[in-house]
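Please read the structure below before turning to the comments.
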Amino acid sequence: MKYISLLLVVFVFVSCRTDRVSYEETGRFQLAAPIINVDSILFKETTKVTMSFGFPNSKIHYTLDGTEVDQVSAIYGDPIVLNQAATIKAKAFHHDFKSSEQVAAQVEKITHNISDASITIEPQPHANYPGLGAKGLVDMQKGSSQFRSGDKWLGFQADKTTITLDLAKELQLSLLKVSCLQNQGGWIFAPKKITVFSESGQIGEITLDDTAKKQENQLKIMVVPIVAGSYSKLKVVVTALNEIPEWHPGKGTLPWLFLDEILVE
857 MKYISLLLVV FVFVSCRTDR VSYEETGRFQ LAAPIINVDS ILFKETTKVT MSFGFPNSKI
917 HYTLDGTEVD QVSAIYGDPI VLNQAATIKA KAFHHDFKSS EQVAAQVEKI THNISDASIT
977 IEPQPHANYP GLGAKGLVDM QKGSSQFRSG DKWLGFQADK TTITLDLAKE LQLSLLKVSC
1037 LQNQGGWIFA PKKITVFSES GQIGEITLDD TAKKQENQLK IMVVPIVAGS YSKLKVVVTA
1097 LNEIPEWHPG KGTLPWLFLD EILVE
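Converting from the sequence shown to my numbering requires adding 856 to each position, the first position being numbered 1.
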């Protein structure tokens, strides 16, 4: 009887051990995503980036040029000091588990302070999300992902939002950047198209083909190349997605558009 009991104990132990190893090797357990912290998303000189992930024996791999992260990407160690715009992407890796989802953050270096520009918006932001009004789009202050708190985000429910900038002086420019929020669970989608005009006509446009696809929440900075030249007046037309796509609970309705900053360089 003792012999049978001993065999039973050994069998149970081996069975449990085998199940545990099999569970890990199949990669069904996925690591949580690392956290990216940035001193300042918009900066004049430098900004510091730190990353954290608390699981033992795990490593954070990252890229700074917007490329996808894999196990041969750089390994995070010390804080990273940046003096140029960058798209930071990171993932957590561990030899026993499935790698985490990728997380991303964008940082932008301010080359021109246009906070003294005269700015108008048509239509006005929704009463629920007025932000700081039109001047909030050129105050060099980023909103956070917590869009219901703070006063940085201007929220719109319109087919098109037109922003007119009358700069205090002529600037030599080749890019215009629009900062927006993407939070599809909150019915907030990135725009479909951004068009830029000067007094002489259209000088730049981008179309975002993936706006209607399922995407993670993120603070997005969209870059619009414009005809290089000297400008004192600009008009920016931000075109929203026609309607929320079929896969979403709000399908068929007009999505929200959230903007917080316009940059030029």
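Yeah, the Cβ is synthetic: ideal placement off N, Cα and C, and Gly gets one too.
Determine which residues share a DSSP beta bridge with residue i and list them.
i	result
residue 978	1018
residue 965	899
residue 1067	Its beta-bridge partners do not exist; DSSP assigns none.
residue 1112	1044
residue 886	954
residue 1034	1078 and 1118
Could you check the C-alpha separation between residue i and residue j for me, to the nearest Å?
i	j	result
residue 968	residue 907	29 Å
residue 1121	residue 1081	10 Å
residue 930	residue 909	16 Å
residue 1096	residue 982	15 Å
residue 1106	residue 1071	15 Å
residue 962	residue 1011	21 Å
residue 970	residue 999	18 Å
residue 867	residue 1109	At residue 867 the pLDDT is 34, less than 50, meaning the model places this residue with poor confidence; the figure from the coordinates comes in the next sentence. Distance between the alpha carbons of residue 867 and residue 1109: 59 Å.
residue 898	residue 939	11 Å
residue 1059	residue 1043	31 Å
residue 976	residue 946	38 Å
residue 1007	residue 923	32 Å
residue 896	residue 1103	35 Å
residue 1003	residue 1073	11 Å
residue 1111	residue 1098	8 Å
residue 1078	residue 965	14 Å
residue 1083	residue 1094	18 Å
residue 1100	residue 1065	14 Å
residue 1015	residue 912	49 Å
Within this structure, are the beta carbons of residue i and residue j separated by less than 8 Å?
i	j	result
residue 927	residue 949	yes
residue 1087	residue 1027	yes
residue 1113	residue 1018	no
residue 894	residue 903	yes
residue 1063	residue 1048	yes
residue 973	residue 994	yes
residue 925	residue 958	yes
residue 1021	residue 1089	yes
residue 1053	residue 1091	yes
Count the other C-beta atoms from every protein chain shown that fall within 10 angstroms of the C-beta of residue i, then say buried if there are 16 or more, exposed otherwise.
i	result
residue 1035	buried
residue 956	buried
residue 1045	buried
residue 890	buried
residue 984	exposed
residue 1040	buried
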